[in-house]
Amino acid sequence: MKLVAPVTFGSFSHEGKSFSPDKEGFVDVPDHLVELAKSHGLTLPAHLAPAITPEVEEDLRSQLNAALADNKALLDTASIQEKHIGELEAQLALVQQAAHAAQDDSNVLKGSVAAQELRIAELEQQLAASQQADDDDTSVVVEDVNAMTVRELRAYLTGKGVAIPAGANKDALRVLAQPAQQA
Amino acid sequence: MSLNDPKKSLRLIKTAFGSPEQLHPELTKAFTQSGTPTAGLTAYDLQPGALHLYPVDTPLRNRTPRVGTGIGTQANWKAITGINVNNVSAGLGQGNRGGVMATSSQDYMAAYRGLGLDDYVTFEADYAAQGFDDVKALAVQGLLRSLMIGEEKVILGGNTSLPLGTTPTPSLSTSTAGGALAAQTWSVICAALTLDGYLGTTVTSGINGQIIRTNADGSQDTYGGGSAKKSANATIATTGTTSQIAGIVAPVSGAVAYAWFWGAAGAEILGAITTINSVAITAAASGTQLASALTATDSSTNGLVFDGLLTQVVKGGGYYAAQPTGAAGVGTPLTADGTGGIVELDAALKWFWDYYRLSPTTIWVSSQEQLNITHKVLNSQNNGAQRFVINPQQGAIAGGDLVTSYLNKFSMQGAKSIPILLHPNLPAGTILFDTDEIPYPLSGIGNVKQIKCRRDYYQIEWPLVSRKYQYGVYFDGVLQNYFPPAFGIITNIANG
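Next up, the structure:
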């Protein structure tokens, strides 16, 4: 039998006979010395299987049958799983479709909501402006008018768009301011 | 000093008083502690009696019963080894008698041997030791202890009847890497060793061939030193300067070790003693003994002792297994089974059950196997197979683990725990299965093995024929093993 010699293998001798590797690194060893040669580091070529005896053949056959049974079981399991996966994928497609539809509806709703929100914002701005005007009107009371100086009265009346007669004194200005306040 | 010359006398006296150290310097020194323990006026603090700092470990001898009824030249016994060995059916035909069963029996014998050692004390040694120790008592005490140690080795591996023969010729191979051998043609010789041959040898001292011993009375005895006849030499050529050689011999039944010689043909030198049947030779031999110095005979047996357990197992049908050669120089260690067990131990225990329905009671191992068994059991892939009993007391957990027993799965008593014990003389690579009881009803065996003596330990103070007190301590007996199949060995076990 041809065995493979390690790269650093020199030679192998037994009972006066020497065995050396050929150019390809194989050592031709008699069958009865194979085990001994293995102890010296020689190995079986990868493509060579051990000698097949009936016992070994039976053992290999039982191993093969066991492996086949295992594979069949695995294949059966795999086919069942594939079928189940197909069903799951169909269900997933339906779910995705429903999700897309829901997404569209959602977008429409989102647009509507956005318009509504925009409108609300405008209304809120208007309301704020109105409240600001109201606040401006009600921000000055009689006591305030009475406490204002001439300059402040003029500024207040000018801001309200009230025409101020020439030569109007402090009291005249206060009178002019009262209607504005009341208004 | 001259009395006739007063002037001269006066001058001398004057000189002496003036500088006395010039005349007698030793009288004028001060008292200082001496530089050495035994110089000057220094007391010597010596504890009376010598200490005895040597081991006397004889576990097999201590556990083996001794009986003293031996007579004749050998112990003889017969044993029934099987009943209905042909397995005749017990079924009966109507009105018929049963089939006749067959009984097997075997004759056994073991020749008595005298074991003993001698020593002497010279008169002068006795005088010199008085007040310190009793050297005559020490001599006899040392003789008894040495005899017990020697007896232990014989009980374990004495070999009087199993010649190892000629050691097989080594098979060699070379590698161009891993060593430091010079390029040359190397010659390798091997000699298988018995226990006696292994215990008494080192690479430095060399192995023993035939030994011619001169005794205390001047007589001579010749016996084998425990080495088989050396093999024929095998040769192989190396190249370069980094080569190594692997050597393998077929395992020899009864051998526990192998001595390897290598060098140029005709000049092979002892370089290694292995406890497996292979060697890796990476450098020139470091010993001094030449293979050519060995006697060209088989020196493995010793006619002065009796067969020990290792020999009886090989001869008597006990369990014997040698680990496969494995890689040369590496060998094959014990194999963990992955579930907390050892494959080889289980195989042996199964054999005892399958063939004899019995279980060994002790597994004797060397330190190498003790360590390796522990590692293999604890490194099991399935640690759930092990049971740990932990003392929860604080500080009670110690580092390190030791497998102290092995659970026999094959016993009529169910799982049986077999102690694993270290033996001081068991070589690395060999395990001994020992049995103290046979589980057979009415076997008639009190002791499975015993030392049967014609005369147990005795001391003789020999008559004075010179100015020496001469002593001898002896006994005469034999290891009587009633059932060798109850014992077993696994050998050729590599370290790992």
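Protein chains in written order, with the numbering used here: chain A, 1 to 183; chain B, 1001 to 1496.
Each residue gets a CB set at the ideal place from its N, CA and C atoms; glycine is no exception.
These figures come from a predicted structure and were not determined experimentally.
I'd like to know whether the C-beta of B/I1281 is nearer than 8 Å to at least one C-beta of chain A. Your numbering for residue 1281 of chain B matches position 281 in the second sequence. Taking Cβ atoms only, chain A never reaches closer than 8 Å to B/I1281, which makes this a no.
Evaluate B/Q1244 with the Cβ neighbour count: other Cβ atoms within 10 Å of its Cβ, from every protein chain shown; 16 or more gives buried, anything less gives exposed. For the purposes of this step, residue 1244 of chain B is taken as the residue at position 244 of the second sequence. Counting Cβ neighbours within 10 Å, B/Q1244 comes out buried, since at least 16 surround it.
B/G1114 classed as buried or exposed, judged by whether at least 16 other C-beta atoms fall within 10 angstroms: Counting from one through the second sequence, the residue named residue 1114 of chain B turns up at place 114. With fewer than 16 other Cβ atoms within 10 Å, it is exposed.
Do B/S1089 and B/G1099 have their CB atoms nearer than 8 Å? Position 89 of the second sequence holds residue 1089 of chain B. Position 99 of the second sequence holds residue 1099 of chain B. Using a Cβ distance threshold of 8 Å, B/S1089 and B/G1099 count as a contacting pair.
Own chain partners of B/Q1312 with C-beta closer than 8 Å, once the 5 adjacent residues on each side are dropped: As a first step, residue 1312 of chain B is located in the second sequence; it is residue number 312 there, counting from the start. Only residues of its own chain outside the window of five on either side were considered, and among them G1318, L1479, N1481, P1484, F1487 have a CB closer than 8 Å to the CB of B/Q1312, listed in chain order.
With a threshold of 8 Å between beta carbons, is A/T8 in contact with chain B? Working through the first sequence from its first residue, we reach residue 8 of chain A at position 8. So, interface residue.
Below 8 Å on the Cβ atoms is my contact criterion, and I expect B/I1431 with B/I1489 to pass it. Report the Cβ-Cβ distance as a whole number of Å. If you number the second sequence from 1, residue 1431 of chain B lands on position 431. If you number the second sequence from 1, residue 1489 of chain B lands on position 489. About 7 Å; that satisfies the 8 Å criterion.
So, do the stretch 1398-1407 of chain B and the stretch 1463-1471 of chain B have three or more beta carbon pairs nearer to each other than 8 Å? Counting C-beta pairs closer than 8 Å gives fewer than three between the stretch 1398-1407 of chain B and the stretch 1463-1471 of chain B, which falls short of the contact rule.
Can B/S1299 and B/S1227 be called in contact, C-beta distance under 8 Å? Taking the second sequence and counting its residues from 1, one reaches residue 1299 of chain B at position 299. Taking the second sequence and counting its residues from 1, one reaches residue 1227 of chain B at position 227. Yes, the Cβ-Cβ distance between B/S1299 and B/S1227 is below 8 Å.
Could you give the distance in angstroms between the alpha-carbon of B/G1165 and the alpha-carbon of B/T1038? Within the second sequence, numbered from 1, the residue matching residue 1165 of chain B stands at position 165. Within the second sequence, numbered from 1, the residue matching residue 1038 of chain B stands at position 38. Going by C-alpha positions, B/G1165 is about 58 Å away from B/T1038.
Please check if any C-beta of chain A sits within less than 8 Å of the C-beta of B/S1175. Here residue 1175 of chain B corresponds to residue number 175 of the second sequence, with the count starting at 1. With 8 Å as the cut-off, B/S1175 counts as an interface residue toward chain A.
Anyone know if the C-beta pair for B/V1203 and B/I1273 falls short of 8 Å? The residue you call residue 1203 of chain B lines up with position 203 of the second sequence. The residue you call residue 1273 of chain B lines up with position 273 of the second sequence. Yes; because the gap between Cβ atoms is below 8 Å, this pair is in contact.
Going by the beta-carbon positions, is the gap between B/P1427 and B/Y1198 smaller than 8 Å? Reading the second sequence from its first residue, position 427 is the one you call residue 1427 of chain B. Reading the second sequence from its first residue, position 198 is the one you call residue 1198 of chain B. The answer is yes: Cβ separation under 8 Å.
For A/A168 and A/R154, what's the separation of their Cα atoms in angstroms? Stepping through the first sequence from its first residue, residue 168 of chain A is reached at position 168. Stepping through the first sequence from its first residue, residue 154 of chain A is reached at position 154. Taking the straight line joining both Cα atoms gives about 10 Å.
Say whether chain B places a C-beta atom closer than 8 Å to the C-beta of A/G25. To locate residue 25 of chain A, count along the first sequence from 1; it is residue 25. Output row for A/G25: interface = no.
Work out the CA separation of B/G1178 and A/F26 for me, nearest whole Å. Counted from its first residue, the first sequence places residue 26 of chain A at position 26. Counted from its first residue, the second sequence places residue 1178 of chain B at position 178. If I take the Cα positions, the gap works out to 21 Å.
Is the beta carbon of B/K1153 less than 8 Å from the beta carbon of B/D1196? On the second sequence, position 153 is the one that residue 1153 of chain B refers to. On the second sequence, position 196 is the one that residue 1196 of chain B refers to. B/D1196 sits close to B/K1153, with the two beta carbons spaced by under 8 Å.
Would you mind working out which of B/G1444, B/G1331, B/I1420, B/Y1458 sits nearest B/G1068, comparing C-alpha positions? Walking along the second sequence from the start, residue 1068 of chain B turns up at place 68. For B/G1068, the nearest C-alpha among the options comes from B/Y1458.
Which of the three DSSP states, helix, strand or coil, is assigned to A/Q63? As a first step, residue 63 of chain A must be located in the first sequence, where it is residue number 63. Reduced to three states, the DSSP call for A/Q63 is helix.
Extent of the continuous alpha helix (DSSP H) run through B/A1350: By 1-based counting over the second sequence, the position of residue 1350 of chain B is 350. Here residue 1350 of chain B turns out to be Lys, not Ala, going by the sequence shown. Annotation: the continuous alpha helix (DSSP H) that includes B/K1350 extends over 1343-1356.
Which one or two residues does DSSP pair with B/P1419 in a beta bridge? For this step, residue 1419 of chain B is matched to residue 419 along the second sequence. Within the DSSP bridge table, the entry for B/P1419 names B/S1405 as partners.
Contacts that B/A1291 makes with chain A (C-beta to C-beta distance below 9 Å): As a working note, residue 1291 of chain B is residue 291 in the second sequence. Per Cβ cutoff of 9 Å: no residues; B/A1291 is ~18 Å from chain A at best.
Within this structure, are the beta carbons of B/S1175 and A/F9 separated by less than 8 Å? Your numbering for residue 1175 of chain B matches position 175 in the second sequence. Your numbering for residue 9 of chain A matches position 9 in the first sequence. The beta carbons of B/S1175 and A/F9 sit closer together than 8 Å.
Chain B beta carbons: is any one of them nearer than 8 Å to that of A/L3? Within the first sequence, the letter at position 3 stands for residue 3 of chain A. Not an interface residue.
Host beta strand (DSSP E) of B/Q1370 (start-end): Numbered from its first residue, the second sequence carries residue 1370 of chain B at position 370. DSSP places B/Q1370 outside any beta strand (DSSP E); the residue lies instead in the alpha helix (DSSP H), whose first and last residues are 1367-1378.
Collapsed DSSP secondary structure at B/E1124 in the structure displayed: Working through the second sequence from its first residue, we reach residue 1124 of chain B at position 124. Here B/E1124 sits in helix by DSSP.
Select from B/W1260, B/L1345, B/G1209, B/D1107 the residue whose C-alpha is nearest the C-alpha of B/A1079. Against the second sequence, residue 1079 of chain B aligns to sequence position 79. Relative to the Cα of B/A1079, the nearest Cα in the group B/W1260, B/L1345, B/G1209, B/D1107 belongs to B/D1107.
Does the beta carbon of A/L36 sit closer than 8 Å to a beta carbon anywhere in chain B? Here residue 36 of chain A corresponds to residue number 36 of the first sequence, with the count starting at 1. Yes, A/L36 lies at the interface with chain B (some Cβ there is under 8 Å from its Cβ).
Along the stretch 1238-1254 of chain B, where does the CB come closer than 8 Å to a CB of chain C? Name the residues. No chain C is part of this structure, whose protein chains are labelled A and B.
Under the three-state reduction of DSSP, which class applies to B/E1461: helix, strand or coil? Within the second sequence, the letter at position 461 stands for residue 1461 of chain B. Three-state DSSP puts B/E1461 in a strand.
Contacts around B/D1005, its chain only, beta-carbon distance under 7 Å, and the 5 residues preceding and following it disregarded: Position 5 of the second sequence, counted from the first residue, corresponds to residue 1005 of chain B. Nothing meets the Cβ criterion.
According to DSSP, simplified to helix, strand and coil, what is A/M1? Position 1 of the first sequence holds residue 1 of chain A. Coil.
Quick one: list the residues of chain A neighbouring B/G1326, beta-carbon separation under 7 Å, in chain order. Within the second sequence, the letter at position 326 stands for residue 1326 of chain B. Under the 7 Å cutoff, chain A gives S39.
Under the three-state DSSP convention, the category A/F19 falls into: Within the first sequence, the letter at position 19 stands for residue 19 of chain A. Correct three-state label for A/F19: strand.
Straight-line CA distance for B/W1351 to B/S1161? Translated into positions along the second sequence, residue 1351 of chain B becomes position 351. Translated into positions along the second sequence, residue 1161 of chain B becomes position 161. Each residue's Cα considered, the two are about 26 Å apart.
Could you check whether the stretch 1135-1152 of chain B touches the stretch 1052-1064 of chain B, counting it as contact only if at least three pairs of C-beta atoms, one from each stretch, sit closer than 8 Å? Touching, yes.
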